[in-house]
Amino acid sequence: MNTLTPIQQGVTDRFFRYVRTESQSDARATTVPSTESQWTFARLLVDELTTAGATDVHLSDTCVVTAKIPGTGEGPAIGFCSHLDTVDVNLSPTVNPQLTHYEGGDICLNAERDLWLRAADHPELAAYEGQPIVHTDGTSVLGADDKAGVTAIMEAVTELGGQTPHGDIYIAFVPDEEIGLRGVRTIDFDRFPVDYAYTVDGGELGEVVETTFNAATATITIAGVSAHPMNAKGNLVNPITLAMEFANQLDAQETPEHTEGREGFIWLNGIDGNQSTCTMQLSIRDHDREGYEEKKQRLRTLADDLAAANPRATITCDIVDVYANISDAKTPENSVGSERLHATMRRLGIEIKEIDMRGGTDGSWLSNQGVYTPNYFTGAHNFHSIYEFLPVPSLERCYELTLALMRGE
Ligand SMILES: [Zn+2]
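Spelled out as structure tokens, the structure:
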């Protein structure tokens, strides 16, 4: 049974074409892009942007696709950004999307492997009864994160046409978002000279993110003194013992598993030691700038105190800022990007669900560079999982919103 409207058929066909083009990123790589496959997807988009009549279509040596849709009238220069990569969570890089007209109950993802999207485990499904839903075959993520975003932008670019005057529109598709926003950092702002931008990389219908974490990575390195047990007394300085002492002074309640909402945390998520050295990796996250700076300072003080108490050990604490809260970049001049998003959603009858995101987006980095960049929904659920699914009408709304924002409506 095919009950898709022509617009739904259009976005679905495009989405299928994109998710079938593999583009996982690889956190272990040291290059940008991290994988060859992202080049393939990028080149596909370069061709399609060119065919759609975009100008200044460019593929950078770090696989960032940029393009311009020249303005046909007055209006601000608006940017639209999505990421090329899909996440690698040890599932198949190949995506075989399935379309189901959902009539309630459980969805069989893969009969052979007996994999199901259960209504009992996923109460969010209930809202989509009677709708066409795209889901996985149980062997991979769907990759709606973020190919649903790419789909909405590309479909809107294709549909833009000349009748409604609009300002300059800039497109950026960036690699390696899933492995620490690596791709967006290489963007050339001369090719993305916008007044404000949007990332199309959000979740369910209506979701808007204008608040993200401030994020840093801390590396504590402890060099001890090794010795044979026969003369260890008074000589040996065990770096692993010192690392445990450090870890024990962290607040046991201030961790990801004990916090929610706007509560920040320090997450000890890597430790690697031997008789000579021990290295600890920590993630620092807080929506609130002051709380964030306080957490960073607290780690430095802990490291200094440990070093002072153990003069024969060498202890260093390196903290690197990774991204910043979007909302801190909001100014009276650029807040028009937020106002237009809200106004356009209201006009389209899309209920706004504002999220204080416990994570970051490419916009967290762009905003920190002075380009205010809220994030809005693609319509998808259950990112980074075989249960990822995308209701087609939600994607359709994402496309309508993107087109309306481009037209400045
Ligand atoms: Zn994403």
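Quick note on the UniProt record's numbering: the sequence shown kicks off at 1 and runs consecutively. Where is the CB? At the ideal position from N, CA and C, for every residue including glycine.
My output table needs one value for residue i: the three-state DSSP class, helix, strand or coil.
i	result
Gly-202	strand
Ala-343	helix
Thr-259	coil
Lys-330	coil
Tyr-128	helix
Cys-81	strand
Arg-291	Checking the sequence, you will find Gly at residue 291 rather than Arg. The answer is helix: DSSP assigns Gly-291 an H, G or I state.
Ile-153	helix
Ala-227	coil
Glu-210	strand
Gln-281	strand
Leu-405	helix
Gln-253	coil
Tyr-376	strand
Gln-163	coil
Lys-233	coil
Which residue marks the beginning of the alpha helix (DSSP H) containing residue i, and which one marks its end?
i	result
Ser-364	362–368
Pro-391	That residue, Pro-391, is in no alpha helix (DSSP H); its beta strand (DSSP E) goes 389–391.
Leu-117	Here Leu-117 belongs to no alpha helix (DSSP H); instead the beta strand (DSSP E) covers 115–117.
Ile-240	239–248
Phe-16	6–19
Thinking residue i and residue j are a contact (beta carbons under 8 Å), I'd like their distance in whole angstroms, please.
i	j	result
Thr-378	Leu-395	7 Å
Ile-222	Thr-277	7 Å
Tyr-292	Leu-181	At roughly 17 Å, the Cβ-Cβ gap does not stay under 8 Å, so Tyr-292 and Leu-181 are not in contact.
Leu-117	His-135	6 Å
Asn-313	Val-157	First, the amino acid is wrong: residue 313 is Ala here, not Asn. Not really, about 57 Å apart at Cβ, beyond 8 Å.
Using 6 Å as the cut-off, classify the Cβ of residue i as near or not near the heavy atoms of ligand 1, replying yes or no.
i	result
Asp-304	no
Asp-146	yes
Asp-176	no
Asp-201	yes
Ends of the beta strand (DSSP E) at residue i?
i	result
Phe-265	265–273
Glu-354	353–356
Phe-173	169–174
Using a Cβ-based criterion (distance less than 6 Å to any ligand heavy atom), does residue i qualify as near ligand 2?
i	result
Gln-131	Of the ligands this structure carries, namely ligand 1, none is ligand 2.
Kindly confirm or deny that the segment 358–373 and the segment 231–250 touch, where touching means at least three C-beta pairs closer than 8 Å. At 8 Å Cβ cutoff, the stretches do not touch.
Would you be able to state if there are at least three C-beta pairs under 8 Å between the segment 51–64 and the segment 99–107? Verdict: no, contact absent.
Would you check if the segment 66–85 and the segment 27–42 touch, i.e. whether three or more CB-CB distances between them fall below 8 Å? Three or more Cβ pairs closer than 8 Å define a contact, and the segment 27–42 meets that threshold against the segment 66–85.
Cβ pair count under 8 Å reaching 3, the segment 218–236 against the segment 156–176: Counting Cβ pairs under 8 Å, fewer than three are found: no touch.
With contact counted as at least three CB pairs below 8 Å, one residue from each stretch, are the segment 181–196 and the segment 267–287 in contact? No: the two stretches stay apart, fewer than three of their Cβ pairs being nearer than 8 Å.
Any chance the segment 338–348 sits against the segment 399–407, with 3 or more Cβ pairs inside 8 Å? Contact between the segment 338–348 and the segment 399–407 is present, because at least three Cβ pairs lie under 8 Å.
Taking contact to mean at least 3 C-beta pairs separated by less than 8 Å, is the segment 133–153 in contact with the segment 62–78? No, the segment 133–153 does not touch the segment 62–78.
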